[in-house]
Amino acid sequence: MSVKVLFCDVDGSLVPEESEPWDWPLFAKLAEVIRETGRNGKLRIGLCTGRPQPYVEALMKTLGITLPAVCENGAVLYDLHTNRAEFGPGVTSSKIHALNRLKSMLIDRLPREFPEIIYQVGKEAQLSLYCARPERLDAVMGLIRHFAEQDPELDVTLAKTNYYLNIDLRGVNKGSGLRAVLARLGISREEAAFLGDSSGDLTARDAAALFTCPSNATDAVKAVADYVSPYPVTAGALDIIRYLSGS
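Next up, the structure:
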């Protein structure tokens with residue numbers, strides 16, 4: 000059975016994770032290829048990312064992506080056609096309240112104890128911290144784990160990317176979100192592929208039949224990938240789209 004959809008992580012997969020302007024000619028080429036493959040019916044592209052819904056909505060409109068998106072690492076699902084955002088499988092009001100208690104603690108203590116670590120605003124059911132010196136993120140992980148041990152309603156997992164620490168509700172991840180979107184679309188696992196680069200993308204490995212990554216992916220991701228592009232980030236995404244669509 001041929002692949003019908005490719006769901007993509009964003010940071011480190013479609014665009015660089017670094018906090019800097021993108022290579023516009025290369026990004027414009029990506030938008031052109033995504034729109035063309037969608038028009039000719041060869042391959043439809045979707046997003047499956049840790050980014051919040053407003054960011055994802057803007058990126059979908061820019062790239063011409065219309066498939067429902069997975070936001071906040073599976074905590075939020077977004078449909079551009081209806082402009083409807085909803086919580087993903089496993090997200091409950093009690094879990095959000097518990098996560099908000101952790102959020103309040105981090106907002107209070109990070110500026111005083113970890114001033115180089117930046118709390119990322121704008122998320123509803125998942126938290127992210129950014130640091131230009133990612134090794135410093137290890138120091139705050141102990142604080143988060145200790146806080147969670149004191150709150151029986153707070154059950155989270157921690158996953159690092161190159162510059163971010165993502166704090167997810169346990170059981171809520173890219174894999175759970177992707178399965179929900181595929182079921183909604185009536186698309187089987189065998190008809191789906193995924194593009195990712197870091198540890199947070201590994202939960203999507205079993206949700207899609209074909210797992211791909213750019214050359215900048217971590218060794219752990221490359222070890223389980225069915226196809227590793229010889230190119231990094233955006234150039235890698237272009238190569239993978241062409242590989243899957245037969246262009």
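Numbering that gives the first Met the number 0 applies: residue 0 is where the sequence shown begins, and numbers increase by one.
Here a beta-carbon is modelled for each residue, glycine too, at the ideal position from N, C-alpha and C.
The model shown is predicted, which means the values in this text are computed figures rather than measured ones.
Review point. Going by DSSP, what residues sit across from residue 116 in a beta bridge?
Key: Position 117 of the sequence shown, counted from the start, is the residue given in the question as residue 116. Bridge partners of residue 116: none, in fact.
**Study point:** For residue 186, the three-state DSSP class (helix, strand or coil)
**Key:** Indexing the sequence shown from 1 puts residue 186 at position 187. DSSP places residue 186 in coil when its eight states are reduced to three.
Check your understanding: With respect to the alpha helix (DSSP H) encompassing residue 31, which residues constitute its N-terminal and C-terminal limits?
Key -> Here residue 31 is taken as the residue at index 32 of the sequence shown, counted from 1. Residues 23-38.
Practice item. Name the two residues that bound the continuous alpha helix (DSSP H) containing residue 8. Key: In the sequence shown, the residue the question calls residue 8 occupies position 9. That residue, residue 8, is in no alpha helix (DSSP H); it is neither H nor E in DSSP.
Practice item. Closer than 7 Å by C-beta to residue 94: which residues in its own chain qualify, once you throw out the five before and the five after it? Chain order, please. Key: On the sequence shown, position 95 is the one that residue 94 refers to. Here residue 94 has 168 as same chain residues with Cβ atoms under 7 Å from its own Cβ, once five neighbours each way along the sequence are excluded.
Review point. Quick one: what's got a C-beta closer than 6 Å to residue 172's C-beta in the same chain, skipping five residues either side?
Key: On the sequence shown, position 173 is the one that residue 172 refers to. Residues 72, 73 and 202 of the same chain have their beta carbon placed closer than 6 Å to that of residue 172, with the five preceding and five following residues left out of the count.
Review point. Between which two residues does the alpha helix (DSSP H) harbouring residue 244 extend?
Key: For the purposes of this step, residue 244 is taken as the residue at position 245 of the sequence shown. For residue 244, the enclosing alpha helix (DSSP H) stretches over residues 232-244.
**Study point:** Inside the region 70-114 only - alpha helix (DSSP H) runs reaching at least 4 residues
**Key:** Qualifying alpha helix (DSSP H) stretches, in chain order: 92-112.
**Study point:** Opening and closing residue of the beta strand (DSSP E) in which residue 167 lies
**Key:** Residue numbering aside, residue 167 sits at position 168 when the sequence shown is read from its first letter. Run containing residue 167: 163-168, per the beta strand (DSSP E) assignment.
Exercise for review: Give the straight-line distance between the Cα atoms of residue 63 and residue 33, rounded to the nearest whole angstrom.
Suggested key: What you label residue 63 is simply residue 64 of the sequence shown in a count that begins at 1. What you label residue 33 is simply residue 34 of the sequence shown in a count that begins at 1. Straight-line Cα distance between these residues: approximately 7 Å.
Review point. Of the choices 82, 126 and 76, whose alpha-carbon is the least far from that of residue 99?
Key: The residue you call residue 99 lines up with position 100 of the sequence shown. Taking only the C-alpha atoms, the option nearest residue 99 is 126.
Check your understanding: What three-state label does DSSP hand residue 41 in the structure shown?
Key -> Position 42 of the sequence shown holds residue 41. In the structure shown, residue 41 sits in coil (DSSP, three-state: anything other than H, G, I, E or B).
**Study point:** residue 159, enclosing beta strand (DSSP E) - first and last residue
**Key:** Stepping through the sequence shown from its first residue, residue 159 is reached at position 160. For residue 159, the uninterrupted beta strand (DSSP E) run begins and ends at 155-159, by DSSP.
**Study point:** Cross-strand partners of residue 226 (DSSP beta bridge)
**Key:** By 1-based counting over the sequence shown, the position of residue 226 is 227. Per DSSP, 211.
Practice item. Helix, strand or coil for residue 191, going by three-state DSSP, please let me know. Key: Counting from 1 along the sequence shown, the entry for residue 191 is found at position 192. The three-state secondary structure of residue 191, taken from DSSP, is strand.
Check your understanding: With distances taken between CB atoms, is the gap from residue 141 to residue 8 smaller than 9 Å?
Key -> For the purposes of this step, residue 141 is taken as the residue at position 142 of the sequence shown. For the purposes of this step, residue 8 is taken as the residue at position 9 of the sequence shown. In this structure, residue 8 does not lie closer than 9 Å to residue 141 by Cβ.
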